[in-house]
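Below is one structure, written out as structure tokens; comments come after it.
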Amino acid sequence: VQLQASGGGLVQPGGSLRLSCAVSGIAFSAYFMRWHRQAPGKQRELVATITAGGARIYLDSVKGRFTISRDNAKNTIYLQMNSLKPEDTAVYYCNAHHLVRGYDYWGQGTQVTVSS
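This is the structure:
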């Protein structure tokens, strides 16, 4: 199983980034897909979830700014991040979770830095 996250980088406050996570080795369409992040000195937090059925759930602080999506044909999820703030700076991780079987897989993380 592989989850390959990409798209991170340095962006100014108010800017945008689009993260991608390419997944292989699992029945992708059956999995909940999630983006988590971990800032220096802080605990990892769940940022966004997209269910197998396409429902979306967001951390309150990113609602209206971030959009999670999935392309089951490409086995890929995305996180469109707009109006970025310095407090969004973190390593972002993608995660695949099978709700019934409890399988859980993680990607390697991609760094997002929001700074002027």
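Counted from 1, the sequence shown has number 73 at position 7 by this note's numbering; the numbering is strictly sequential. Glycine included, every Cβ here is placed at the ideal spot set by N, Cα and C. As the structure is a prediction and not an experimental result, all values here were calculated from the model.
Please classify S127: does DSSP put it in a helix, a strand, or coil? Numbered from its first residue, the sequence shown carries residue 127 at position 61. Helix.
Check whether the Cβ atoms of G73 and R84 lie closer than 8 Å to each other. Within the sequence shown, numbered from 1, the residue matching residue 73 stands at position 7. Within the sequence shown, numbered from 1, the residue matching residue 84 stands at position 18. Going by C-beta atoms, G73 is nearer than 8 Å to R84.
Are M147 and S82 closer than 8 Å when you measure CB to CB? For this step, residue 147 is matched to residue 81 along the sequence shown. For this step, residue 82 is matched to residue 16 along the sequence shown. Inclusion of M147 and S82 in the CB contact set at 8 Å is warranted, their separation being smaller than that value.
If we count the other Cβ atoms within 10 Å of its Cβ and call it buried at 16 or more, is A93 buried or exposed? Looking up residue 93 in the sequence shown gives position 27. Residue environment analysis places A93 among the exposed positions, since fewer than 16 neighbouring C-beta atoms fall within 10 angstroms of its C-beta.
Nearest to E153 by alpha carbon, out of G175, V113, A88? Working through the sequence shown from its first residue, we reach residue 153 at position 87. Cα-wise, what sits closest to E153 is V113.
Helix, strand or coil for S95, going by three-state DSSP, please let me know. The residue given as residue 95 occupies position 29 in the sequence shown. In this structure, DSSP gives S95 a helical state, which the three-state scheme calls helix.
Can the beta-carbon of R136 be found closer than 8 Å to that of I116? Within the sequence shown, residue 136 is the residue found at index 70, counting from 1. Within the sequence shown, residue 116 is the residue found at index 50, counting from 1. In contact: R136 and I116 (Cβ atoms closer than 8 Å).
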